[in-house]
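Per UniProt numbering, the sequence shown starts with residue 1, numbered consecutively. Idealized CB from N, CA, C, for every residue including glycine. To keep things clear, I will list the structure first and then write my remarks on it.
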Amino acid sequence: MRAVQISEFGGPEVLEVVDIAEPVPGDGQILITVDRAGVNYADTHQVENSYLSKAKLPLTPGGEVVGHTEDGRRVVALVGSGGYAEKAVGYAQAAFDVPEGVSDADALALIVQGTSAWHLLKTSTHMQPGESVLIHAGAGGVGSLAIQLAKLWGAGRVIATASTEEKRKQILELGADAAIDGEPEGLKDRIIEANDGKPVDIVLEMVGGPTLNESFDALATFGRLVTFGAASRQMAEPIAPARLMKGSKTIAGFWLADCFKTPALLGDPLTELFGLVQDGKLRSILGGDYALSEIVTAHEDMRARRTVGKLVLDPTR
């Protein structure tokens, strides 16, 4: 079967389309004929072996797929790796039936980005109605869904960042109250200005480096910042405990992989998110439908911040 494989770690250039043997499901696993595979920013870290969990070579990247099982079910599944291929195997407990009215792109957006946004707002920061929320990379997969969910759940003011005027316009169309430039220099002041001169209650942060520090400085008393990525590939300056105490601020971390061993931590949010899509209250943004042969371009586009929303791969092309 056709699949993307890497034999050395590096940038997008190490991704190659090759012919490999079909995977064989083991105990508790199912075989899925892949209709679309999701492309995530975490995949770019996996390919260069800079992710939280270390990879082994040779590797077929891709942690999520939507497709059909051997008994005809249409499922979206977390597979860990191996998703960039015509067929993939995953554990049955991490495969979820996709209801009518939910597209392949919707399903792929919701199983990782959607459940992440759900947990960031409900589990990690415990957002309450009326609170202000700052969302970094608001045009991205997690950000575009988090904006909509925060508004649905009663946030007082939603502010989001983006790197271009076009993306900031899209953020406003999604329902954000304000869209600002996410460049680190002067970011604290722009955040507070966008929140009518007041610090913000909640920050969803996945850029890292000085962006995290500037965002922390814009937190209100009892404010909560959750970090769930480091897209800049930069380390933030350490924040001393005394700075947390003054203002009673919280920094939390979130990694969706910590939910994998408890299926309900994925299944319950996913059921709610599917329902919101079916009711027309939540929409995913398809940022690119790439052929498997275009995988290098997909990773280049993502790393260069040329994309929005959810990126998917078509293994038939």
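Which residues mark the beginning and the end of the beta strand (DSSP E) in which residue i is found?
i, result
"Ala3", "Arg2 to Gln5"
"Arg157", "Arg157 to Ala162"
"Glu205", "Val200 to Glu205"
"Ser132", "Ser132 to Ile135"
"Lys87", "Lys87 to Tyr91"
"Asp97", "Ala95 to Asp97"
In three-state terms, what does DSSP make of residue i?
i, result
"Gly287", "strand"
"Arg224", "strand"
"Thr250", "strand"
"Gly114", "helix"
"Ala231", "coil"
"Ile239", "coil"
"Leu311", "strand"
"Ala301", "A small correction: the amino acid at residue 301 is Asp; Ala does not occupy that position in the sequence shown. Looking at Asp301 - three-state DSSP - the assignment turns out to be helix."
"Leu282", "coil"
"Asp258", "helix"
"Asp181", "strand"
"Asp189", "helix"
"Asp268", "helix"
"Met127", "coil"
"Arg317", "coil"
In the DSSP assignment, the alpha helix (DSSP H) including residue i goes from what residue to what residue?
i, result
"Leu174", "Premise fails: Leu174 is in no alpha helix (DSSP H) and is neither H nor E."
"residue 388", "Because the chain in this structure spans residues 1 to 317, residue 388 falls outside the shown range and cannot be described."
"Asp106", "Asp104 to Ala109"
"Ala218", "Careful: Ala218 lies outside any alpha helix (DSSP H) and carries neither H nor E."
Taking residue i as the reference, give the member of the options with the closest Cα.
i, options, result
"Asp177", "Glu16, Lys151, Gln278 and Val47", "Lys151"
"Gln5", "Arg36, Lys56, Val308 and Ala220", "Lys56"
"Thr297", "Ile285, Thr44, Glu8 and Lys281", "Thr44"
"Gly80", "Ala37, Val308 and Lys169", "Ala37"
"Thr250", "Glu300, Ser124 and Val66", "Ser124"
"residue 324", "Phe228, Leu313 and Ile111", "This structure leaves residue 324 out entirely; the chain is present only between 1 and 317."
"Glu8", "Tyr41, Ser50, Glu22 and Arg2", "Ser50"
"Gly101", "His299, Glu300, Gln278 and Val308", "Gln278"
"Ser232", "Pro129, Asp71, Arg303 and His68", "Arg303"
I believe residue i touches residue j by the beta-carbon criterion, under 8 Å. Please report the beta-carbon distance rounded to the nearest angstrom.
i, j, result
"Gln148", "Gly175", "6 Å"
"Arg83", "Gly114", "Before going on, a small fix: residue 83 reads as Gly here, not Arg. Their Cβ separation, rounded to whole angstroms, is 17 Å, which puts Gly83 and Gly114 out of contact at 8 Å."
"Leu282", "Leu270", "The Cβ separation is near 12 Å, so there is no contact."
"Leu204", "Ala146", "6 Å"
"Gly156", "Glu131", "6 Å"
"Glu64", "Ala85", "12 Å between Cβ atoms; not a contact."
"Asp301", "Gly288", "7 Å"
"Leu15", "Ile295", "5 Å"
Any chance you could list the alpha helix (DSSP H) runs of at least 4 consecutive residues sitting entirely within the segment 3 to 83, in chain order?
-> 41 to 48
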